[in-house]
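Going by mature numbering (1 follows the signal peptide of the UniProt record, and there is no 0), the letters in the sequence shown line up with residues -20 to -1, 1 to 660, in that order.
Every residue, glycine too, gets a C-beta built ideally from N, C-alpha and C.
Written out below as C-alpha cells is the structure these notes cover.
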Amino acid sequence: MAGGMPLAVICLSSAVAAQAQLATEEDVGRVHDPPDWLRMAEARALAGLTNIPCLKPLADSLCLAYNQLSVHLKTCLLHCSSLCPPYHIFGTDDLVRLWIAERFVYDEGDARGYVDQLVSTGMISVQSCSSDLLIDPKKVQMNTMMLHFLRCIASHEGYCIASSDCESGMSSLLVGPIRRLSIQSCKNKVEISRLHASDIRSLYVFDRTWTTLFKNLTNLRVLQLLGNNLRNEDLTGICGLPHLTYLNLSGTLMNLLPEELGRLKLLKTLIVRGTGILRLPVEIGELMQLETLDVGDTMVVELPSQIGKLHNLRTLDLRNSSLSELPNEIGDLLLLETLDVCDTMIAELPSQIGKLQRLKALGISGTGIEKLPAEIGELEHLEILDVSCTTVAELPPPTAGGSMAMLQQLNICNTEIRELPWESGRRSVRVLCGDSDAPHVCNLADLSEGLLQPSVVVVLFDRFGSIWVPVPFPRIKIPGKHRSVPHFVASICYLEISMWKLEEDSLKSLREMPNLRGLALRVDVLPTKPAISVLGFRKLESLCIDCRVPRITFEKEAMPELTYLEFKFYACRPTTEHSMGIANLQRLQRVVFRSASWYTSDPSTGIHAVINRVREEAREHPNTIILSVNGNVESYHEKKAAAAQGIKPSLSGDVSRLSDSRARTIRRIKTYAGESSAYN
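The structure is reproduced here in C-alpha cells:
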C-alpha cells in the first residue's frame, strides 16, 4: 500500500495516465489539472477491480467487509458509491436528507447513526468538522477503492452511472429498467428520450452542460442538478413533476423561481443554494409538505409572509444571503428545528422566535444583531447557539422555566459576552470563546451542585486593565465584596469571590470545601504572614490571587494537585527575604504574574524582586515550570534536561525560549498584559 492505495493500482493508473491526459485534452470546454489526469487513470484502473487477478485478495477483503454490514448500511453505502463522482465530498445533512428522500430510512436520527457507523468501519471518512462554527455539519468522503468495488454491485441493484470513467455504465443504459441514474460525464451525452424515462425515480446530474425535457420524467422523486447550466424555462418542466419530493438546484445558473413552484405539493426538500435568485415567490407557501428550505449564498433580500404557512418546515438555512430581516410569521413555524441566519444583514431577531419551542440549533454569527430578545430564554429545547462575531454582550436572563435548559454547545467567539447565566454551570455545555481563529474551549459540567442563588454567574473571562482573556477554568462568581465566605458556596467546584480581608476563619472555610478545584480570590487586605499549609485544598488545581502585596507562602506538601498559579499585584516594599515556596507545590506547571509593566521592570520595586525570587525557585523545581510575566513567557526546562544527560545547556543562563509553535501561542497570550497601567 502507498498512500492508502494498492501498488498494483498505482502501476496500472500510471500506465494509462498518459492516455487519459491526451483524452481529456481533447474535451471541449473543459480545463484539466494534472491531478485530474491521475484521478481519471486511477478510476480506470480500479474499474476492473473485480477482474484483475493480482487484486483478487483485495477484492475478497472488500467483499468480506461489505457482507458484514447490515442490510440498511449496505443500501446506504451503495447509494453513496453510485450517486456522485469519486472524491466527491458529502455534507452529512445532505446525505441524511437524500437517504430519507430515497426511502432508505425514515428517521433522521437513524440516518445520522448510519453515517457514524460507516465512518467507524472506514467505508467513508470524515474530511472536515468545523469546531468554531458549531452549527456547521461535518463532511465525509467515500473510500475510493470501496467506491469502485461497490459500483460493480450497484449495477445489479437498479443503479446506473453515466460517466466517461465507467464504460460499463454507458453500455447498460438501454438494458433493463433504471431506477436511479447518475450522469457524471460531459463527454458521453445521455438522451433521456432513448431510455424508459418513466422508470427513473432518482436523477443526479454533475454534468454542467447536460439538459433534457424534464417533463418526461413523470415518476421522478429525487432530482439533483449541481452546477448545471439550468435555464429558467427548464424550471417550468421540473415544476410539473407531481411525485417530486427532493429538489437540489445548488450552483445552477437560474435566477428566478417560477410561480409554478406551488404545484410541487409533495416536495419536502428545496435547495437553491448558490444560485442567482433574488426572491422567493409567494407560491412558496403552497408547499405544505416542505421540511427543508435552503436559500444560502443567494441575493434573496426578504422572505415572503407566506413562509409562515410552511407548518412542516424543520430546517431554514439563510446563511450568507442578503436577508435584512425575518418576518414576524417566522413564529408560525412551530416544528422548526434549525434556523441559520449567519453572515446575513439581519440586525434584530423578532420576539416571535420564542414560539419556536422545537428549535434545536440557532446561528446568528456575523450578523448585525446587538441584543438577543428575552424570548430566547424560552427555547427549552435549544441545543446549539452560535452568536460569534457579533456585538452581543449578554445572554437573556433565566426564565421561570429555566433558560435554555437543553443547551449543549455555545459559540461566543468575538463577542462581548464575558459571563453566562448561573444555570449554565449546572449542565454540560461546551463553550467556544475568545478568538474565532483559535477558540478557547470551556466545558461546563456541574460547577455548582445544589446551588440555588440566581444572582451568581458563570465567569468565562478575566479582566486585566482594558484586556479580557479566557480564564483557565470557568468558575462561579459570587457578586459583591464579602467579609467571610458565604455558607452556600460549600459545594462549588470553581469559585470566584472578592473579600475585604482574608481572615483565618475565611481561609479555613475555603480549605474545607470538598469539591473546590479552581479558586480566584480577590482580597483587599492579606494577613501579615499568610501561609498555605498542608491542610485542606486537596483537589485544588488552579489558584488566582488578586491583591495589593504579594505576601503569601506555600508550606511543604501544600495544595498537592495545584498545576496553575496566578498573581495580580500592585505594590510591594523592596525586599529579598520573602520566599513563596513554589518548590513545595509538587504538581505545579505554570506561574503567571500580572502587574503594571513598570512595576515588573523597575528594580527598585518589591514586585521585581519577588519575581526574581520566583525565577530562582522555578530553577530548583523538579518540574518544568513555565513562567509568564505580563505575557513574556519563560520556560525552565533546558537546564534540567541537560543536567539529566550530562550536557551543557546551549543557552547562557537558565531560561530557554520556547519553540516557534509555542512562541506563536505566546504572542496571543501577550494580550493579557498589553501596556495598561492599572487594573480596573
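- Annotated three-state conformation of Asp417 is coil, per DSSP.
- Per DSSP, His52 is one residue of the alpha helix (DSSP H) stretching across Val51 to Leu63.
- Within its own chain, the residues whose Cβ lies closer than 8 Å to the Cβ of Pro238, once the five positions on either side in sequence are excluded, are Asn212, Leu215, Thr216, Cys219 and Pro261, listed in chain order.
- Secondary-structure assignment with DSSP links Ala341 through a beta bridge to Thr318 and Ile364.
- No Cβ-Cβ contact shorter than 9 Å links Leu496 with Pro454.
- One alpha carbon belongs to Glu535, the other to Leu565, and they sit about 8 Å apart.
- Inclusion of Leu161 and Ser178 in the CB contact set at 9 Å is not warranted, their separation being larger than that value.
- Around the beta carbon of Asp297, a 10 Å sphere encloses 16 or more other beta carbons of the protein chains shown; the residue is thus reported as buried.
- Of the other Cβ atoms in all chains shown, fewer than 16 fall within 10 Å of the Cβ of Asn592; this residue is therefore exposed.
- DSSP lists Val439 as the beta-bridge partner residues of Arg455.
- Here His176 is exposed. Its C-beta has fewer than 16 other C-beta atoms within 10 Å.
- For Tyr544, the three-state secondary structure derived from DSSP is strand.
- In the three-state reduction of the DSSP assignment, His462 falls in the strand class.
- Distance check between Val594 and each of Gln337, Asp40, Ser41 and Val571 places Val571 closest, using alpha-carbon atoms only.
- Taking the Cα of Ser331 as reference, the smallest distance to any Cα among Arg502, Glu355 and Tyr86 is reached at Glu355.
- Here Pro419 is buried. Its C-beta has 16 or more other C-beta atoms within 10 Å.
- Sequence-distant partners of Cys56 (beyond 5 residues in either direction) whose C-beta falls short of 6 Å from its own C-beta, in its chain, are Trp79, Phe84 and Tyr94.
- In this structure, DSSP gives Asn228 an extended state, which the three-state scheme calls strand.
- Put simply, of Asn235, Gly242 and Leu241 the residue whose alpha carbon is nearest the alpha carbon of Arg259 is Asn235.
- With 16 or more other Cβ atoms inside 10 Å of its own Cβ, Ile477 counts as buried.
- Closest by C-alpha distance to Cys369, out of Gly414, Glu363 and Leu233, is Gly414.
- Here Gly256 is exposed: its Cβ has fewer than 16 other Cβ atoms, across all protein chains shown, within 10 Å.
- Going by DSSP, Arg77 is part of the alpha helix (DSSP H) stretching over Thr72 to Ala81.
- Put simply, the backbone Cα of Pro353 is about 8 Å away from that of Gly334.
- Sorting Leu44, Met279 and Glu82 by C-alpha distance to the C-alpha of Ser304 places Met279 at the top.
- When Leu221, Asp187, Leu390 and Glu396 are compared, the shortest CA-CA separation from Leu193 is found for Leu221.
- Residues Leu206, Ile251, Arg253 and Gly254 of the same chain have their beta carbon placed closer than 6 Å to that of Ser230, with the five preceding and five following residues left out of the count.
- DSSP places Pro37 inside the alpha helix (DSSP H), whose first and last residues are Lys36 to Asn47.
- Residues Ser478 and Asp526 of the same chain have their beta carbon placed closer than 6 Å to that of Arg502, with the five preceding and five following residues left out of the count.
- The Cβ atoms of Leu523 and Leu545 lie closer than 9 Å to each other.
- In this structure, Ala341 and Thr318 form a Cβ contact; the two beta carbons are roughly 4 Å apart against a cut-off of 8 Å.
- Beta-bridge partners assigned by DSSP to Tyr184: Ser162 and Gln204.
- The bridge partners DSSP lists for Phe573 are Phe547 and Val609.
- Annotation: the continuous beta strand (DSSP E) that includes Asn391 extends over Gln389 to Asn391.
- Rounded to the nearest whole angstrom, the CA to CA distance from Ser41 to Asn394 is 49 Å.
- Between Gly288 and Glu271, the C-beta gap is not smaller than 9 Å, which leaves the two residues out of contact.
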